[in-house]
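Per UniProt numbering, the sequence shown starts with residue 1, numbered consecutively. Don't be surprised by glycine CBs; every beta carbon is placed ideally from N, CA and C. These numbers come from a predicted model, not from an experiment. Okay, structure first, notes after.
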Amino acid sequence: AERQEPAEDVGPGRFADRFVEIHGVGWAVDALDCQLQPIGEAVEPDGKLGWARWRPWEEDYVVETLDGLLLVAAEHQLREFQYADAVAGGCDLAWPTVPMHRAGPTFALQVMQKLQEHGYCVIGMPPDERLEASVKIRAGARTDWTLPKEEFEEVYLGRDHCCKAAWLGAAEAPDNLDCEPLAPYYRRIQDISGALLPWTEQALGFRASENIACPLLRASAGGVPAEVLSPGPIQDEDVKSGLVEKHLDFVQRRKLCMVYFITSGGGLELLPLAPQPMPPKLSTTARADRLLIFRHDRMTLRCTPGSSASLALQSWLLEVPMALQIEGIEGSQRRLEAIFGGPTLPPEKQVHVMNANCRFPGGAHQLDRDWLVYSLQTDAFVSVPAVRFDIDMYYDDGSGGQFNASGKSSTRHCGLLGDYELIDFDNQFFGMDGKVAALVPPVQRVALEVSFELLSSVGFTRESLRGSKMFVGVADIGLEWDNYMGLLSDPVNFLAAGPMQTLTLNRLMHTFNITGSCVQCDTACSASLVASNLCHAYLRKSVKDAKMGFSIGQQHILVPWPFIGLSAAGMLGSGGRCKTFDQSANGYNRGEGCGGLFNRVSDDVDVTLERLACYCGSYINQDGRSASLTAPNGPSQQMVARGSLKQAEISPDWVVCTENHGTGTALGDPIECGTIKAVFRKRESLLSITSGKTHMGHLECGAGSVGILKTICALVHGGVPPNVHLRQPNAHCEVDGFPAMFPIELCDIGTECHYGGCNGFGFGGTNTRADFWAVRRNYVHRYEDARREIVLQKNHPLGEKRDIIPHMPRIDKLDFVTVACSRCLGPMCWLCGLAPPEDAPPGKHRCADVREEWASYSHCSRCYEGGYLCSGGEGGLLSAACAPGQVLQLSGSWNAWTAPEELQPVPGGAGYDAWEARVQLGDTLAEQFCVTLRQGRRRRFIHPVVKKASQRVRAVGPVDKNKKGMYWYIDGHRDRVKEGAVYTVRFEWGEHCMHISWRPVWDPGTSLPFVMPRVYQHRYFIVNSLSGWAPVVGTHDGDDPHLWSWFNSYIPEGGKVELFFLRDSDPAQAIYPMSATPTEDSVPVVGPDDGGTGKRWLAWGEKGENLICNLRVQDGDMTLSIITASMGLRSWRGSTASSYYIAGSFSNWYPVVMSQDKGSPDVWREVFIVGAEGREEFQLLVNQNWNLRLYPMSAGSAPGNSVVCGPDRKGNRKNWQVLAPPGKALEVTLDLGAEDYCSMVTCALLGDSLLLGAA
């Protein structure tokens, strides 16, 4: 900087926003931080240079000095200086004269401002000639000078370099540089990196890693030929060793390069990273004691030859490593289990437990709460309430002995559900009249609810359950219910409810309209485990039509007579609890509830990934004539345990926990413990033995369900829950010499993959056992973390689709780790961008492709159009094109997928063939399609990699299995055409690409230049609660082909009917209201799409009133009218064109409609204000529908930095994140026509071109 003559203007504030020098102070003053608070350092201000900021209310200046300090000065203490920045050969800033931890925030913000404005910052460093001389001497003595691989040189050393490099390895790491003259230089690089670290995300759009890259020392080559220093080009062994992968990781994570020039030498230029030559951003001289920081992801360095003694220390500030969340795995189940672990059973013998559900005492609803009941040692026993029966009338304290001969119950306690859990029932949901539902036993109503919750959690809906084939097993040993209730008072509804109370199994099959094999078991206390094992055995046979099944067990308590009978038999304990394994145990206590699990057989990798556990072994036997009808038989129990282990193909010492039948009787517990000892005694590790009856009682025929679910919970959580009421071990349970434990606290299993089993013994002699395998998905939490545990379980319920297993001990065996290409959304290697071949042979992929330095790796090798510095030659070749005898066809929704259109050959291009066909848009102006390859009776499918794909999306195939929903999507609204418009669809197929495109060639209103077949007449179906959600086609008025009506419906007793519509009876083309059960006529009609889950219109009226519905669909417009006598005429209107909404933290996640650009129908915008925290998150919704959300591939990504996914329902907790000063206005832009799926959603400060997250 040069001193200038005083400014001509005079008066207060004349130095405002000017570059000045402080002079004439004469004493030290306090330095301030960016909030004008003292930092605890006093400095001499005279001679300091910086920018003056006028404070009129104080009539003084705050000077922002070049070294990052804020100093207060009066006007007479300033004089103007001519500022010489880096372009003029000077410095942008000066190194702070106070410690970095004091000046760091203010200085870092100044550096960030320079990086935002110019992309670089030059900092003047304090000179030290003595230290510089030591570095020269040490550098001259080095013998490890080298160069990177030829393909890597430009990345590390810049363009046209004439230098050599020495990597400072582990021996010269920062902690070991105390004796090195380079240590002060490197520590300053560390200091500035640490100061910049907190600000990179907000200012530059990336999150910096705390560890900077390994530094290198660069020096002039000094005439040494490059051939002597260079290790040559990349070789095969470099690829196999992972050297290229490490380089690619560095290239994609490098953000800021820091070059500390120790000595002067040569010229210096910063060139933009671009395919074409561009003027340099900075052209100056490399001077000693300068620290250059520049955006290495946007520009590169070029140093021209200078002094042979020039030296510089170089390092990088890197972005944090990419966090990959595995969304799915493709391949065989055997390969999957080799990576993630799996049971010893071969895949063809495995039965997958997809989910389980329950309603047990203690609030154990679904698996997450069921686990809490066990892990928190919950005692779910209660005194029998009067709403069941008056226990005081039937209770005797049992002082007469174990066998109560008083004709009363020995206990007044049992494990019960809440009364509301039995009484509350949504009869309309199950298509049941209210008076009929009142006559159905409560336990059957509970079974219906628990069963549907279970089935819905694995993907079924009321519609998809209709006619489904699956095995159903139900455990039921009789109903505590009056079989003749309602016979005299309401015989009509009595018959409708089922004479003599229809079997629970029959009621389930009838209500859900399930077909297939079924069985109802009554083997006393082992019934539910027997039913589950029968389901397992049936599925394991691999019967052609048996691919799935579920089983449940149930029990309820409504009358006192079983208490009296069991007390007389000496089976109930007088203590009111099941004290299994305890010395005081004298009988069991009863419980009620319902629970079961859904099983499936499949070799689909997605099924294997989503399974909760593997059902490995099951066994059932009968002990025949034992000591008595109710006496347990030890040898028979041992046989059933060994039989299950043998079928599971596991050794007894592999089992980590076993759930005993454990009723707490004086005879049963010792015999069962003896069984466990005999079967599992040869082991080194402890075997945990538990019983769920200590928590919630003996559910009798439902006891097996408690045991199964408790075992699965233990395996999935990796912990064994404690036994309750165990204080003094039963002396008759002999475990001497047997490594077993009866836990009384929550215990960690200590392994990631483990086996466990459960026993079930009926007092009639039917014994059974099941063994399971599972991998740990959640970790054990301490008792004091109970509240946190509940929150975690609500956020990560086991009953919903689960994340991929976190335990990945052998992930190196994955052949390919792919992410979506930002241009075609096809899979590509997450590092090198290689699009994997269609039929790639098994084997580990090693990255070998290095692109030009300016190139991005966000595009796959098929979309990338630039050059390569080196290429591994791995093909991205596709399957052979259409061969003789094969026919290409288009199948689409324009004719309800009924008559494929044959593609006709047309002239292609270099390296590819082409086919075309014409299709006609229907009344919705939106159609979907895929390509089929037919040869004789065999059909193979070519489809896009995502649903509702545009022309940019990659085509894959041909494959034998059609992936449901993976279709291309023609949107007539975006093309601004009318109903009946004709499109030409073009399909190109070559060795390196398959491409689909389409364009309108005729719009109604002009003469048709070619012959088209007759327009297909689409049909519309109503789906409502009256028909049991079965689609019913409407009547069609021949004079008005766009109007469909339904007349013959009547309001049921409940007075309400829910309804929606389907186009061509296709669930993926549902028409529904934008919000559920709309009461206002302004709520739009939306669709057709697959996002209408839970969104219905509601018609209401008095019972028997006629219900009339009219639906008109024409030229993309939809009108619905519903008429009943009570509600009158109600109408709703809408369009098949989509509208877009934004929902975020700034709107409390309430959807706000975005504005569509008038000139571009593809662009939607919305403005919001940043809150006080300076951080906001958001997602985009189609038609205000959370089932059709747009979200980033990586959670927390800045707009423009991550591929846009959707619209679908998978984006839970995947939000875009923006950082900006509080109170700033930001504009979010959605560009549906963007060429790149990363830039499809962007965000900018209003009135500012700075792109947040991509600056």
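Look at residue i and residue j and say whether their C-beta atoms are less than 8 Å apart.
i	j	result
V655	L686	no
D60	A42	no
C832	Y864	no
I676	N660	yes
G553	S383	no
L709	D370	yes
G531	S551	Per the sequence presented here, residue 531 reads as Ala, with Gly not at that position. Cβ atoms of A531 and S551: closer than 8 Å.
Y120	L270	yes
S584	C701	no
residue 1258	L69	The structure shown does not extend to residue 1258, since the chain is modelled only from 1 to 1255, so the question has no answer here.
A219	K164	yes
In the DSSP output, which residue or residues are listed as bridge partners for residue i?
i	result
F261	R290, A312
R938	Q935
M548	R600
L709	L709 pairs with nothing; no bridge assigned.
G617	D771
K435	Per DSSP, none; premise fails for K435.
W998	V985
Y394	The partner list for Y394 (beta bridge, DSSP) is empty, contrary to what the question assumes.
P905	W915
M1118	V1113, G1134
W1164	Q1156, L1230
N513	Paired residues: none, contrary to the question.
Y83	For Y83, which the question treats as bridged, DSSP gives no partner whatsoever.
Since I believe residue j is in contact with residue i (beta carbons under 8 Å), could you give me their beta-carbon distance rounded to a whole number of angstroms?
i	j	result
Y912	C993	7 Å
F425	R445	5 Å
K1095	A1068	About 15 Å; that fails the 8 Å criterion.
L903	L921	Not a contact, Cβ separation roughly 18 Å.
L925	H973	6 Å
Any beta-carbon of chain D closer than 8 Å to the one on residue i?
i	result
D379	Protein chains in the displayed structure number just one, and chain D is not present.
So the candidates are the options; which of them puts its Cα closest to the Cα of residue i?
i	options	result
Q252	L216, P346, A208, L109	A208
M1012	L168, A896, A981	A981
A840	V850, L217, M828, P231	M828
V959	G1092, V945, M100	V945
R642	N767, R218, G719, H698	N767
D971	F987, K963, Q951	Q951
Q377	R938, E745, Q1217, G1101	E745
A28	R14, D46, Q37, P12	D46
M1118	W1132, P225, R999, A1125	W1132
G1223	M1193, N1183, G1174, N506	G1174
F452	G418, L699, I514	I514
L311	M1193, Q235, P181	P181
P346	R335, M354, A356	R335
G1041	E319, V1057, E1053, V1015	At residue 1041 the sequence reads Pro, which differs from the Gly that was named. Per the Cα distances, V1015.
* Can we say the region 382 to 399 touches the region 554 to 570, given the rule of at least three CB pairs closer than 8 Å? -> Contact between the region 382 to 399 and the region 554 to 570 is present, because at least three Cβ pairs lie under 8 Å.
* Segment contact flag, the region 1058 to 1069 with the region 1096 to 1114, C-beta cutoff 8 Å, min 3 pairs -> Yes, since at least three Cβ pairs between the region 1058 to 1069 and the region 1096 to 1114 fall closer than 8 Å, the two stretches touch.
* Asked: Looking at C-beta atoms only, is the number of pairs between the region 611 to 623 and the region 644 to 652 that lie closer than 8 Å three or more?
  -> Look at the beta carbons and you see the region 611 to 623 touching the region 644 to 652: at least three pairs across the two are nearer than 8 Å.
* **Touch test, the region 447 to 461 against the region 596 to 614, Cβ-Cβ under 8 Å, three pairs minimum** => At 8 Å Cβ cutoff, the stretches touch.
* Hey, is the region 1072 to 1089 in contact with the region 1134 to 1142, meaning 3+ C-beta pairs nearer than 8 Å? -> Flag = yes, the region 1072 to 1089 and the region 1134 to 1142 touch.
* Cβ contact (3+ pairs, closer than 8 Å) linking the region 726 to 741 and the region 628 to 637 -> The region 726 to 741, when compared against the region 628 to 637, does not touch it at the 8 Å Cβ threshold.
* Contact between the region 1186 to 1195 and the region 1208 to 1224: three or more CB pairs below 8 Å? -> Judged by Cβ distances under 8 Å, the region 1186 to 1195 makes contact with the region 1208 to 1224, as three or more pairs qualify.
* Counting pairs of beta carbons, one from the region 129 to 137 and one from the region 267 to 287, are three or more of them closer than 8 Å? -> Taking 8 Å as the limit for Cβ pairs, the verdict is that the region 267 to 287 does not touch the region 129 to 137.
* Asked: If you pair each beta-carbon of the region 320 to 337 with each one of the region 229 to 237, do three or more pairs fall below 8 Å?
  -> Flag = no, the region 320 to 337 and the region 229 to 237 do not touch.
* Any chance the region 996 to 1009 sits against the region 1022 to 1031, with 3 or more Cβ pairs inside 8 Å? -> Between the region 996 to 1009 and the region 1022 to 1031 there are fewer than three C-beta pairs closer than 8 Å, too few to call the two in contact.
* Asked: Just checking, does the region 1095 to 1107 make contact with the region 1144 to 1157 on the three C-beta pairs under 8 Å criterion?
  -> At 8 Å Cβ cutoff, the stretches do not touch.
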